[in-house]
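Following the working numbering, the numbering of the sequence shown begins with 233 at its first residue and continues without gaps.
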Amino acid sequence: MRAQSPVAPKNGFPWRYARPAVALSLLLFATPSGFGGPAAFDSSRLAELYERMSAPQYAIGTKLVSLLGISPGSSVLDLGCGTGQLTSAIARIAGPRGNVLGMDPSSYRIAIAERRARKGLSFAVGGSDDLPRLAPRSFDVVCLNYVFHWIDDRRQALEAIHRILKPGGKLGISFEDTSRPAELDEIIEQSAKEVLGTLPPGLFLETAPLGLAPLKEMLRKSGFQVVVIEKVASEDRAKSPEELLAFWRASSAGRFLSGVSESTRRRILHRIEQRLAAAETGQGIRITSETLLLVAVRSGAPEMQARSAGSLGKRCRVINRASRR
Ligand SMILES: C[S@@+](CC[C@H](N)C(=O)[O-])C[C@H]1O[C@@H](n2cnc3c(N)ncnc32)[C@H](O)[C@@H]1O
């Protein structure tokens, strides 16, 4: 299969995708890496931390990739690619004739990912809101490893992914079912309440819940047919409360506990640390989780959705639950 460039035919990508360093000053204003977007709270320190601590996400990601039928020459978008470790593994399968693009709204993460760029593998700063800039029907596969729950307007993102996938193309999503209560969520919420008395609007504790049944329904309405669902039970062990909290900050690109002043955040973090330390066994903190791997095929056309409010995402951003991924 001949890999096609998903956007501008000559350089592969428009200037703002191809040269994030050159375009930095404009990017700050024009993209989500600037003010208010999903990467607004990220930093090079958090990006480096994620690069070092994300082995569990990589391990699950390779399982998701194995379900997607990627072959030499495939064109693949890894949306929310982070620092590009999984994207690089995908490119090893697609080979030099393939066309693998990793996109992430954080320019800090893309700066690390670009060290992995080579023939058949490129990276660009951009998030789900930027998908309309990509050419229609240009990818065989779109992969979102621990990313979908971070997207505010999920339905809009699925429709945009539907547009850029070739007919019969595959979408892979890995996620934890956050529609059920979790012990860690409780610890975080209680700690924040203890420090603040109440949960102020704007304090970011967790993404909007994501459950399997609503996701399947959303996929159906967006023109996808779910063909695979697998559950993977995993166990992580954080050496200390500090390590766990550092991971949450890195994994959420700085969004976890954002929206309050630095000093307030430190007080909440300190309280969470104390509570987690109390729950420690002497062998670190054991975190069991169940990840769902889902593969859907682009089938029919998306059902029309009412665009009026378009604010579901905005409302979701302040729903208070704890972030594990
Ligand atoms: C937990 S990390 C997963 C990174 C990578 N997929 C991996 O497997 O290691 C979540 C990533 O989603 C990105 N992200 C957040 N909001 C996004 C959006 N709206 N569109 C695309 N990516 C987004 C973050 O910048 C972050 O790199």
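Even for Gly, the Cβ is constructed at its ideal location relative to N, Cα and C.
Can the beta-carbon of residue i be found less than 8 Å from the beta-carbon of residue j?
i	j	result
E474	L525	no
L416	K425	no
D468	P288	yes
A321	L353	no
I519	I420	no
A485	P270	yes
I396	V374	yes
L300	F380	no
S307	S360	no
Y378	D274	no
I292	T513	no
Under a three-way DSSP split, which group does residue i fall into?
i	result
V459	strand
S466	strand
G301	coil
P337	coil
F380	helix
R329	coil
S265	Low confidence applies here, because S265 scores a pLDDT of 42, under 50, leaving its location unreliable; read the following figure in that light. Three-state result, S265: coil.
F355	strand
G434	coil
T496	helix
L259	Note that L259 has pLDDT 37, beneath the 50 cutoff, so the model's placement of it is unreliable and no number is given.
Q537	coil
G491	coil
L544	Note on L544: pLDDT 31, under 50, position unreliable in the model; the coordinate value appears next. Correct three-state label for L544: helix.
R284	helix
F479	helix
S360	helix
R350	strand
E474	helix
T439	coil
T520	strand
Between the options, which has its C-alpha nearest residue i's C-alpha?
i	options	result
V459	S286, I292, L296	L296
F436	R350, V492, S298, A356	V492
K453	A478, G358, Q317, I393	I393
G401	N377, A356, F407, G532	G532
I383	P337, R341, E415	P337
G327	G316, S303, L311	S303
A345	E391, F371, R284	R284
L376	Q422, S521, C313	C313
A528	V357, G316, D372, I325	D372
Q515	A470, R507, L501, L489	A470
A510	S423, P446, S521	S423
V427	A445, R497, R487	R497
Shorter than 7 Å, the distance from the beta carbon of residue i to the closest heavy atom of ligand 1, or not?
i	result
S379	Per the sequence shown, residue 379 should be read as Val rather than Ser. The answer is yes for V379.
D336	yes
I383	yes
V299	Going by the sequence as given, residue 299 is Leu instead of Val. Incorrect: L299 has no Cβ contact closer than 7 Å to ligand 1.
A465	no
Q289	yes
R503	no
R317	The sequence as given places Gln at residue 317; Arg does not occur at that position. Yes, Cβ of Q317 sits closer than 7 Å to a heavy atom of ligand 1.
S360	yes
R347	no
S286	yes
Measuring only between beta-carbons, confirm whether residue i sits less than 8 Å from chain B.
i	result
D468	Judged by its chain identifiers, the structure shown contains no chain B, having just a single protein chain.
Entirely enclosed alpha helix (DSSP H) segments - the segment 381-433, minimum 4 residues: 386-396, 415-428
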